[in-house]
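Down below is the structure, laid out as structure tokens.
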Amino acid sequence: MKKYAIIGFGCAGFHAAKSIRQVDPEGQITVFNDTGQPPFNPMLSTYYASDKLGLDGVFPFGTLEELQQQWSLDIHHNVRVDWVDAQSKTIKLEDGNKHSFDSILIATGARAIVPPSFREGGGDYYLMRTLEDAQRLRSRIEEGGIKRATVIGGSMVGIKVAELLHENNIETTIVDAASYLFPLAAYESIAKLIQQRLEEQGIKFVFGAQVSTITQEGVVLGNGNTLESDIVCLCIGTTANVELVANTKVVEDSPVKVNRGIVVDMHMQTTCPGIYAAGDCCEGINLQTGKTQIIGLWANAAAQGSCAGRNMAGKSTVYYGNILHNITHFMDMDFIGLGDPTLPGERHTFKKDDLIVEAVLEGNKINSINIFGNYKISGILKNHLTKLLMGGDSKLTIAQQGLLANQGLSWEFIKLIGGEI
Amino acid sequence: MSKIFILDTEKCIGCSSCAIACMDQNDIEPYEGDIPFRVCFTVEQGSDKDSPFSYLTMACMHCEDAPCINSCPAGCLSKDMDTGFTVFDNNNCIGCHSCAMACPFAAPCFDKDGKMVKCDGCIDRVRAGLEPACVRVCPYDALQLVAKEDYEKEQKYKKAKILAYMAFDK
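Printed below as a string of structure tokens:
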């Protein structure tokens with residue numbers, strides 16, 4: 001009977017366990033979870049904080065007991081793994097217990113970034129990553145008395161936090177070192193338009209501003225000014241939990257390579273044979289660059305976890321990778337970013353009523369797309385872009401072209417991005 | 001037994017009966033802001049083609065490995081094991097539109113409360129032995145719901161027939 005160890009029980013850890021069980025009904029699957037919770041989706045934290053979702057809704061796969069039973073898992077919760085020895089195939093827990101394994105997955109996820117200098121000012125701040133973060137912000141809002149809030153980070157999470165504060169009639173300012181919103185996903189033109197719409201609704205912005213620290217008065221900027229705030233929320237991104245790799249004794253000459261995340265191949269195996277990684281702690285292939293990169297998205301973690309699980313159970317499976325893509329729905333707006341907006345090319349714009357689609361093309365190759373004001377077409381274009389990068393048919397199907405036209409895109413623009421009629 | 005929707009474009013006359021029946025069945029009121037689950041449209045293929053026009057009717061394709069399922073952060077979508085339909089329970093839907101970005105066929109819609117709704121294959125009708133509303137009203141049987149197994153057998157037979165014809169022709 002094969003023994004599987006899964007370290008971390010989020011989306012990737014869950015999908016790995018499920019896939020292993022589907023391939024190997026007899027194997028012993030042991031999950032080591034440093035929380036007492038079933039897999040939690042960080043993306044749901046703002047929805048929980050704003051009371052749009054109850055506690056039962058933030059654990060999409062069910063309770064620990066249900067998962068334990070349904071997939072025959074041995075779940076150790078509230079326990080940290082101290083080290084992994086890939087040679088003797090053993091892990092040691094912080095309580096001193098050791099467990100042996102035949103195959104192991106590191107799915108330790110990511111955590112919110114807090115620069116040390118931000119702590120030095122002695123001010124309080126709220127993060128938005130874990131259920132505890134969401135509970136804390138929710139309690140603070142319920143407590144009342146907040147007039148002014150500052151959100152550090154014009155990220156996808158930052159905008160959702162700003163929305164939630166705004167809904168609670170709190171004067172909200174977003175501050176960011178970048179010069180416009182969503183710089184990793186949006187073109188400046190689209191970002192400025194979103195900013196304008198948000199300003200019309202009352203959100204304020206301070207761009208190109210470094211934050212020095214957080215004090216009890218608020219956020220101190222690099223120029224010495226203080227944005228006075230009753231509450232400060234920190235949404236400047238995440239960092240992969242890769243510390244376990246430093247405590248890993250690897251098979252000779254095969255150290256686990258770590259850049260920003262743990263580097264994996266298309267089988268989700270690290271550079272050390274027998275050790276797999278998946279989810280927000282790892283770097284899989286970015287289909288556009290061919291290089292490894294953290295693409296921290298829920299569905300990506302699911303696909304990576306499934307692929308890792310199948311390979312661990314002996315069923316050779318490949319996950320070719322993904323593209324950068326985001327959809328965010330906030331304050332009655334939809335923004336979708338597909339591909340890397342920094343890649344070069346000629347910009348083409350389609351505008352009709354409230355719909356704007358911009359695409360950057362390098363010759364006939366689509367490098368990136370921004371959509372503002374229509375969620376319906378996002379899947380067609382995302383799948384088209386992914387298919388192109390996977391070497392598939394470069395043309396949109398007749399049905400997809402018809403659906404795009406049905407949503408208001410001109411035949412000229414459809415032809416430009418891959419139509420053929 | 002898994003079922004699939006098939007559309008014979010040579011029979012479809014673009015009458016949109018299927019879309020109307022779908023709206024009726026699912027109480028969709030487009031003039032009140034509801035978005036229809038099924039859309040019909042004409043594709044102009046050019047006057048040089050054998051058939052210059054083609055009519056299409058599209059709703060959820062109930063993909064075998066439906067990408068919307070894993071994309072939903074709240075676990076609202078799943079597969080019905082009997083029919084193979086992609087079904088949903090939108091109680092915990094947060095209206096994030098992630099399913100829409102995963103779907104290559106623009107199937108997910110959002111209701112006035114911002115919750116995801118879409119074609120569920122008229123699963124209640126099918127479980128009761130009835131045809132889905134769209135299939136029921138199609139005047140030329142262009143749109144059909146068939147057992148996947150039967151469809152695959154027929155496709156294999158058709159392919160074999162073509163191969164045999166080609167071999168004979170040589």
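Residue numbers (this note's numbering), protein chains in the order written: chain B, 1 to 421; chain U, 1 to 170.
Note that CB positions come from ideal geometry on N, CA and C, so glycine has one too.
These numbers come from a predicted model, not from an experiment.
{"Item": "Which residue wins for smallest C-alpha separation from G408/B, given the options K351/B, K98/B, K192/B?", "Value": "K351/B"}
{"Item": "Taking DSSP as the reference, what is the three-state secondary structure of Y320/B?", "Value": "coil"}
{"Item": "Thinking C-alpha only, which one of H99/B, V157/B, T342/B, S410/B is nearest R129/B?", "Value": "V157/B"}
{"Item": "Could you compute how far the alpha carbon of I194/B sits from the alpha carbon of K160/B?", "Value": "13 Å"}
{"Item": "Nearest by alpha-carbon distance to G62/B: which of C76/U, D50/U, K49/U, F53/U is it?", "Value": "C76/U"}
{"Item": "Provide the residue(s) that pair with G218/B in DSSP beta bridges, ordered along the chain.", "Value": "E228/B"}
{"Item": "Give me, in chain order, the residues of the same chain whose beta-carbon lies closer than 6 Å to that of I214/B; leave out the 5 immediate sequence neighbours on both sides.", "Value": "F118, G121, G123, Y125, V232"}
{"Item": "Cβ closer than 7 Å: which chain U residues qualify as neighbours of D334/B?", "Value": "H97"}
{"Item": "Could you check how far apart the C-beta atoms of D111/U and D34/U are, in whole angstroms? I think they sit under 8 Å.", "Value": "7 Å"}
{"Item": "Give a yes or no on whether the C-beta atoms belonging to I6/B and A17/B are separated by under 7 Å.", "Value": "yes"}
{"Item": "Taking C-alpha atoms, which residue in P341/B, G274/B, M268/B lies nearest to V318/B?", "Value": "M268/B"}
{"Item": "Report the option in F85/U, L56/U, A133/U whose CA atom is closest to the CA atom of D27/U.", "Value": "A133/U"}
{"Item": "Which class does C282/B belong to by DSSP, given the choice of helix, strand or coil?", "Value": "strand"}
{"Item": "On a Cα-Cα basis, can you pick out the residue from L396/B, I366/B, K92/B that is closest to I380/B?", "Value": "L396/B"}
{"Item": "Using C-beta distances below 7 Å, list every residue in its chain close to H15/B, excluding the 5 sequence neighbours before and after it, in chain order.", "Value": "A302, G305, S306, G309"}
{"Item": "With a threshold of 7 Å between beta-carbons, can S378/B be considered close to chain U, or not?", "Value": "yes"}
{"Item": "How big is the Cα-Cα spacing for F330/B and V31/B?", "Value": "36 Å"}
{"Item": "Is the region 63-77 of chain U touching the region 399-419 of chain B in the sense that three or more CB pairs, one from each, lie closer than 8 Å?", "Value": "no"}
{"Item": "So, does the region 284-295 of chain B touch the region 79-96 of chain B, judging by three or more C-beta pairs under 8 Å?", "Value": "no"}
{"Item": "Grab the span of the alpha helix (DSSP H) containing W298/B for me, first residue to last.", "Value": "298-312"}
{"Item": "With DSSP as the reference, label H384/B as helix, strand or coil.", "Value": "helix"}
{"Item": "Go ahead and label S98/U buried or exposed: buried means 16 or more other beta carbons lie within 10 angstroms of its beta carbon, across all protein chains shown.", "Value": "buried"}
{"Item": "Going along the chain, which residues of the region 33-58 of chain B sit with their C-beta nearer than 7 Å to a C-beta in chain U?", "Value": "N41, M43, L44, Y47, K52, L53, G57"}
{"Item": "Given that a residue counts as buried once 16 or more other Cβ atoms are within 10 Å of its Cβ, and exposed if not, what is G24/B?", "Value": "For the sequence presented, residue 24/B should be read as Asp rather than Gly. The residue in question, D24/B, is buried, as its Cβ has 16 or more Cβ neighbours within 10 Å."}
{"Item": "I'd like the span of the alpha helix (DSSP H) that includes E423/B, first residue to last.", "Value": "A question about residue 423/B goes unanswered here, because the residues of chain B that appear run from 1 up to 421."}
{"Item": "According to the neighbour-count rule (16 or more other Cβ atoms, all chains shown, within 10 Å of its Cβ), is I6/U buried or exposed?", "Value": "exposed"}
{"Item": "Does the beta carbon of F88/U sit closer than 7 Å to a beta carbon anywhere in chain B?", "Value": "no"}
{"Item": "If the cut is a Cβ gap below 9 Å, which residues of chain U does P60/B touch?", "Value": "C72, P73, A74, G75, C76, N92"}
{"Item": "Run through DSSP, which three-state label would I421/B get?", "Value": "In this prediction, I421/B scores a pLDDT of 49, lower than 50, which makes its location untrustworthy; no coordinate-derived value is stated."}
{"Item": "Would you please state the rounded distance, in angstroms, between the beta carbons of L234/B and L227/B? I believe it to be under 8 Å.", "Value": "Between L227/B and L234/B the Cβ distance is about 13 Å, and since that is not below 8 Å, they are no contact."}
{"Item": "Take Y55/U and list the residues in its own chain whose beta-carbon comes closer than 8 Å to its own, dropping the five residues that flank it on each side.", "Value": "T9, C12, I13, G14, C40, F41, T42, V43"}
{"Item": "Please report the straight-line C-alpha distance between G202/B and A21/U, rounded to a whole angstrom.", "Value": "44 Å"}
{"Item": "At a Cβ cut of 8 Å, what residues of the region 387-417 of chain B count as close to chain U, listed as they run along the chain?", "Value": "I398, A399, Q400, Q401, G402, L403, A405, N406, Q407"}
{"Item": "Say whether the region 127-141 of chain B touches the region 35-45 of chain B, bearing in mind that this needs 3 or more beta-carbon pairs closer than 8 Å, one atom from each stretch.", "Value": "yes"}
{"Item": "Does DSSP put R347/B in a helix, in a strand, or in coil?", "Value": "strand"}
{"Item": "Do L388/B and S394/B count as a contact pair if the criterion is CB distance below 7 Å?", "Value": "yes"}
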